[in-house]
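The opening position of the sequence shown corresponds to residue 2 in our numbering, with each subsequent residue numbered one higher.
Ideal placement from N, C-alpha and C gives every residue a C-beta, glycine not left out.
Keep in mind that this is a model prediction, so the values were computed, not measured.
Taking it in order: structure first as structure tokens, then the write-up.
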Amino acid sequence: MPITEKLYYKNAYQQEFDAQIIDSFEKNGWVYVGLSATLFYPGGGGQPKDRGWIQDQPVLDVYEQNGIIYHALKAFPDKEPVQGRIDFDWRWDAMQQHTGQHILSAAFLQIASLPTVSVHFGEETTAIELDASAIPESVIQDVESLANRIVGQNRKVEARWVSHEAVDQLPLRRKPPRMDRLRVVEIENFDMTPCGGTHVRTTGEVGWIKYTGSEKIRGRWRLHWKIGQRAVRDYQQKIELVKHLSNLLTCAEETLPLQVQRLKEQIKRTTRQMRQLQKDLLTLTLENIERQGMPLGEYRILATVVDWDREFTKALAEQLIQQPDLIVLLICASDERLYWFAGSGENVSVDIWPILSPCLPLIEGKGGGRDRFYQGGGRRTPALSDFLNQFVQRLKEELAHA
2 MPITEKLYYK
12 NAYQQEFDAQ
22 IIDSFEKNGW
32 VYVGLSATLF
42 YPGGGGQPKD
52 RGWIQDQPVL
62 DVYEQNGIIY
72 HALKAFPDKE
82 PVQGRIDFDW
92 RWDAMQQHTG
102 QHILSAAFLQ
112 IASLPTVSVH
122 FGEETTAIEL
132 DASAIPESVI
142 QDVESLANRI
152 VGQNRKVEAR
162 WVSHEAVDQL
172 PLRRKPPRMD
182 RLRVVEIENF
192 DMTPCGGTHV
202 RTTGEVGWIK
212 YTGSEKIRGR
222 WRLHWKIGQR
232 AVRDYQQKIE
242 LVKHLSNLLT
252 CAEETLPLQV
262 QRLKEQIKRT
272 TRQMRQLQKD
282 LLTLTLENIE
292 RQGMPLGEYR
302 ILATVVDWDR
312 EFTKALAEQL
322 IQQPDLIVLL
332 ICASDERLYW
342 FAGSGENVSV
352 DIWPILSPCL
362 PLIEGKGGGR
372 DRFYQGGGRR
382 TPALSDFLNQ
392 FVQRLKEELA
402 HA
């Protein structure tokens, strides 16, 4: 059976092609057509598969098997030769990322003797994993500077096939597996490495290379980079963000850090003042609300809806059950949601949870707790008053039989 001619190796910038169907089959509702030639890169070496169209149908998947590159479609093409077209915006981004990664990997090896362990070409960043437990920030800055210098020098990027006999004579950045022929990508006087992906013609076409952050994976460092148009878009977004923040804070862009620091200090002061005011308010509220408790046998009960927020209501309930003979059920509501807090003082002999939990369906509620204090949430249903009344009634019945 014939094999597929890989047009993307002849010209990575070509966007359209014609080809014959040399094999086809159906699987899981898709039609797979193997073509005599294609521009669709089937993925490999971390580089994603190409996207595009055949006969105006979106290509759903691309893969290579036994030398044939198959293209997944929803329907069989209606004529031959088929016309194919790649999504060149996607391809261009992939080429910028891939060549940019080669530049970065070579730069890390030259500056810090750090080999690249793996590469991940994501839709937001290109990630390079290095065999290192720690990487100084100064090294990353030096690598970024060297990488952008190589870009600015607009060096040639060329790919060629070499025999296995010639491989040992080449200054390759990493040693390849043994094979009859090997494709080598060379960045003029800077890097040479085995690679089966698509690349730009010169380093100048890579565009800006910018470090954005890192994470530790399996004891190694994975560094994230914005390359090419991604770096430009990221810079544009950050410029807009800085402008927006500058307008919000009514200050010059260069004074934003100082203004933010002042705001942080002001928030700290205000927070301290607010906490003190909340303590004072809590004390006053306790004095007022305790008087609302109703006698219930040898105890008192306070079951009511309040207008305070969730945190204040919880703090109030926790303080109220310090009263040894008091049983509490406080509810605060916000729009359709509500939150409830319930508890009992140390002298109360009954456990209120078996009394309270059967009432919760009235408010579509749930919750739990321990040590005489329970809390949960629910919905502000029309049966809210029934919920309170049923709790009080069940409590009365339980105390009557105690």
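Integer-rounded CB distance, given that residue j should sit under 8 Å from residue i
i: residue 112; j: residue 147; result: 6 Å
i: residue 192; j: residue 107; result: 4 Å
i: residue 246; j: residue 257; result: 6 Å
i: residue 208; j: residue 152; result: 7 Å
i: residue 194; j: residue 175; result: 6 Å
i: residue 160; j: residue 182; result: Not a contact, Cβ separation roughly 12 Å.
i: residue 22; j: residue 35; result: 7 Å
i: residue 346; j: residue 375; result: With 8 Å as the limit, residue 346 and residue 375 do not qualify as a contact, their Cβ atoms being about 14 Å apart.
i: residue 40; j: residue 8; result: 5 Å
i: residue 328; j: residue 349; result: 6 Å
i: residue 331; j: residue 392; result: About 12 Å; that fails the 8 Å criterion.
DSSP state of residue i mapped onto helix, strand, coil
i: residue 115; result: coil
i: residue 18; result: strand
i: residue 184; result: strand
i: residue 47; result: coil
i: residue 59; result: strand
i: residue 200; result: coil
i: residue 258; result: helix
i: residue 84; result: strand
i: residue 238; result: helix
i: residue 39; result: strand
i: residue 136; result: coil
i: residue 247; result: helix
i: residue 253; result: coil
i: residue 313; result: helix
i: residue 4; result: coil
i: residue 268; result: helix
i: residue 97; result: helix
i: residue 172; result: coil
i: residue 386; result: helix
i: residue 207; result: helix
i: residue 304; result: strand
i: residue 156; result: coil
i: residue 192; result: strand
Cβ-Cβ distance between residue i and residue j below 8 Å
i: residue 313; j: residue 279; result: yes
i: residue 304; j: residue 381; result: no
i: residue 6; j: residue 38; result: yes
i: residue 118; j: residue 221; result: yes
i: residue 210; j: residue 98; result: no
i: residue 404; j: residue 356; result: Here the chain has residues from 2 to 403 only, and residue 404 is not among them.
i: residue 144; j: residue 105; result: yes
i: residue 91; j: residue 52; result: yes
i: residue 158; j: residue 171; result: no
i: residue 132; j: residue 110; result: no
i: residue 96; j: residue 233; result: no
i: residue 283; j: residue 317; result: yes
i: residue 56; j: residue 19; result: no
i: residue 43; j: residue 70; result: yes
i: residue 186; j: residue 103; result: yes
i: residue 341; j: residue 377; result: yes
i: residue 100; j: residue 156; result: no
i: residue 281; j: residue 301; result: no
i: residue 197; j: residue 45; result: yes
Residues near residue i in its chain [Cβ-Cβ closer than 7 Å; skip 5 each side]
i: residue 121; result: 47, 128
i: residue 405; result: The chain is shown from 2 up to 403; residue 405 falls before or after that span and cannot be answered.
i: residue 140; result: 112, 113
Beta-ladder partner(s) of residue i, from DSSP
i: residue 213; result: Beta-bridge pairing links residue 213 to no other residue.
i: residue 219; result: Its beta-bridge partners do not exist; DSSP assigns none.
i: residue 335; result: 338
i: residue 31; result: 28
i: residue 9; result: Beta-bridge pairing links residue 9 to no other residue.
i: residue 73; result: 33, 62
i: residue 343; result: 330, 375
Residues near residue i by beta carbon distance below 8 Å, same chain, minus five either side
i: residue 261; result: 250
i: residue 293; result: 303, 305
i: residue 76; result: 32, 58
i: residue 264; result: 250
i: residue 389; result: 304, 305, 306, 330, 332
Close Cβ partners of residue i (< 6 Å) along its chain, the five nearest in sequence each way excluded
i: residue 254; result: 243, 247
i: residue 379; result: 339, 364, 365, 366
i: residue 17; result: 86
i: residue 223; result: 128, 130, 216
i: residue 336; result: none
i: residue 149; result: 210
i: residue 399; result: 351, 356
i: residue 235; result: 227
i: residue 252; result: 260
Proximity test, Cβ basis, 8 Å: residue i and chain E
i: residue 334; result: Absent from the structure is chain E; it holds one protein chain and no more.
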